[in-house]
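Chemist:
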Amino acid sequence: MTRRASTKATPVKNVALIGLGAMGLPMLDNFIAAGYKMRVYDVNASAMKEAAAKGADGAASPAEAAAGADAVVTMVPNDSVLRKVTCAPETGILHAMRPGSVHVSCSTVHPDTSRELARLHATAGSAFVGAPIFARADGVARRLASFCVGGEAGAIAMARPLLEANANGIFEFGDDPGAGNVVKICGNYMIASTIQTCAEALSLAEKSGLDRQAVMRMLNTTIFDCLIYRGYGDRVAQRSHVPGEPLVGPGFQLELGLKDVTLACDVARQVQAPMPFATLLHDRFLAAAARGRGKLDWSAVALSASEEAGVDVSHLVPPLPGAGKKP
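For any residue, its number in this note's numbering is found by taking its place in the sequence shown, counting from 1, and adding 1.
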């Protein structure tokens with residue numbers, strides 16, 4: 002039997018946040034600044050310690066964090082982790098959440114994962130909103146994130162103040178809880194495409210005897226003057242791909258980029274929308290991950306264009322796992 006969630010104008014005061022990575026920690030700062038009472042969970046003990054120093058209460062499991070909360074926000078890396086923190090029999094949030102509360106998922110996952118979780122929440126008497134986030138960590142810290150949102154109208158209304166604490170843009174795409182994930186997958190595919198096209202164009206310029214940084218500087222201050230080309234174009238031009246470098250900041254790991262391009266290919270097959278360049282991108286990201294670059298910023302996929310053009314970039318990348326070991 003399905004217990005319909007009652008989410009009409011329910012005020013949110015107590016919030017659980019599951020996931021304290023590069024995105025979760027600045028989100029926590031924003032929630033605290035907005036006056037929410039926070040309880041948090043992450044598998045990383047140092048992140049939990051940092052959250053406690055900010056004033057959040059810690060929990061021993063996602064279920065413990067969710068117990069008594071008006072809303073649960075999840076910011077986790079992939080579908081598998083999202084399902085685990087939601088549905089695990091003893092530790093998941095699903096059966097710990099009180100009736101009428103809402104789960105706000107900000108992760109980039111398959112649309113069907115969001116749809117499945119929405120059905121499970123409806124059965125349990127809670128609600129689900131798919132609200133994947135467009136931002137890097139520094140943008141979240143400055144409350145410049147954008148959210149693409151799908152779900153039942155009452156649940157979205159309940160989640161909106163939480164999203165506003167982090168955002169300069171909230172875009173609703175109807176009552177399909179997976180709709181926002183489709184938008185996020187499209188956007189990340191377009192960013193990945195930008196990285197690859199910049200890599201190829203700048204390799205052409207470089208092999209023609211031009212300064213690749215000067216070329217990118219001209220392009221991203223004129224006809225390509227926008228956030229993505231300025232940010233990723235500069236990283237590709239300068240071959241700056243290591244998290245912590247000034248141009249990169251915390252970065253977005255290449256292995257997560259591979260996950261997102263894989264999602265684009267999967268959804269394209271599911272809805273029968275041919276995306277030939279997505280298949281190429283998938284193999285580019287897969288090859289970069291196989292070469293030990295998974296923890297670099299996903300702009301590091303651009304290095305292959307330089308290598309294939311005969312440019313030595315070996316000093317810029319980590320050695321392959323196991324390199325130097327005797328067989």
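Ideal placement from N, C-alpha and C gives every residue a C-beta, glycine not left out.
1. Would you say the beta carbon of Lys85 is closer than 7 Å to some non-hydrogen atom of the ligand ZN?
2. Give the C-beta separation of Ala64 and Thr87 to the nearest angstrom, bearing in mind that I take them to be a contact with Cβ-Cβ under 8 Å.
3. When DSSP labels each residue in this structure, what does Ser315 get in the three-state scheme?
4. Could you give the residue range of the alpha helix (DSSP H) that holds Arg161?
5. Taking only the alpha-carbon atoms, compute the straight-line gap between Ala66 and Gly59 and give it to the nearest angstrom.
6. So is Gly311 buried or exposed if we call it buried at 16+ other beta carbons inside 10 Å?
7. Return the bridge partner residues of Thr75 from the DSSP annotation.
8. Check each candidate in Leu121, Val130, Gly155, Leu282 and name the one with the smallest Cα separation from Thr195.
9. State whether the region 286 to 297 contacts the region 209 to 216, with contact taken as three or more CB pairs (one from each stretch) at a distance under 8 Å.
10. Assuming contact is defined by CB atoms lying nearer than 8 Å, are Phe129 and Gly152 in contact in what I supplied?
11. Could you tell me which of Thr198, Ala301, Met217, Gly179 sits nearest to Asp80, measuring between CA atoms?
12. Shortest alpha-carbon distance to Ala136 belongs to which of Val318, Gly170, Ile157?
13. Tell me the rounded alpha-carbon separation between Ser127 and Thr109.
14. Report the residue ranges of all alpha helix (DSSP H) runs contained in full by the region 225 to 278; include only those spanning at least 4 residues, in chain order.
15. Taking Ser62 and Tyr42 to be in contact with their CB atoms under 8 Å, please state how far apart those CB atoms are, rounded to whole angstroms.
16. Using a Cβ-Cβ cut-off of 6 Å (strictly less than) and excluding sequence neighbours within five positions of Gly234, which residues of its own chain qualify?
17. Return the chain-ordered list of same chain residues with a C-beta closer than 6 Å to the C-beta of Asn189, the five sequence neighbours on each side being excluded.
Modeler: In this structure, then:
1. Annotation note on the ligand ZN: not contained in the displayed structure, which lists no ligands.
2. Taking the sequence shown and counting its residues from 1, the one referred to as residue 64 is at position 63. Taking the sequence shown and counting its residues from 1, the one referred to as residue 87 is at position 86. Distance from Ala64 to Thr87 at the Cβ level is roughly 10 Å; contact not present, criterion being Cβ atoms closer than 8 Å.
3. By 1-based counting over the sequence shown, the position of residue 315 is 314. The answer is helix: DSSP assigns Ser315 an H, G or I state.
4. Counting from one through the sequence shown, the residue named residue 161 turns up at place 160. DSSP places Arg161 in the uninterrupted alpha helix (DSSP H) bounded by 154 to 165.
5. Against the sequence shown, residue 66 aligns to sequence position 65. Against the sequence shown, residue 59 aligns to sequence position 58. Going by the C-alpha atoms only, they are around 7 Å apart.
6. For the purposes of this step, residue 311 is taken as the residue at position 310 of the sequence shown. Burial call: exposed.
7. Residue 75 sits at position 74 when you count from the first residue of the sequence shown. Per DSSP, the beta-bridge partners of Thr75 are Ile19, Ser106.
8. Sequence index remark: in the sequence shown, residue 195 carries index 194 (1-based). Ranking the options by Cα distance to Thr195, first place goes to Leu282.
9. Contact fails: fewer than three Cβ-Cβ distances are below 8 Å.
10. Sequence index remark: in the sequence shown, residue 129 carries index 128 (1-based). Sequence index remark: in the sequence shown, residue 152 carries index 151 (1-based). One thing to note: Phe129 has its Cβ within 8 Å of the Cβ of Gly152.
11. Here residue 80 refers to the residue found at position 79 of the sequence shown. The candidate whose alpha carbon is nearest that of Asp80 is Gly179.
12. Within the sequence shown, numbered from 1, the residue matching residue 136 stands at position 135. Here the closest residue by C-alpha is Gly170.
13. Here residue 127 refers to the residue found at position 126 of the sequence shown. Here residue 109 refers to the residue found at position 108 of the sequence shown. Cα-Cα distance, rounded: 21 Å.
14. DSSP runs (the alpha helix (DSSP H)) wholly in the region 225 to 278: 228 to 239, 255 to 272.
15. Within the sequence shown, residue 62 is the residue found at index 61, counting from 1. Within the sequence shown, residue 42 is the residue found at index 41, counting from 1. Right, their Cβ atoms sit about 6 Å apart.
16. Stepping through the sequence shown from its first residue, residue 234 is reached at position 233. Counting only Cβ-Cβ distances below 6 Å, and skipping sequence neighbours, we find Cys199, Met217, Asn221.
17. Taking the first residue of the sequence shown as position 1, residue 189 is located at position 188. Cβ-Cβ distances below 6 Å link Asn189 to Asp261 in the same chain, with the five nearest sequence neighbours on each side left out; the list follows chain order.
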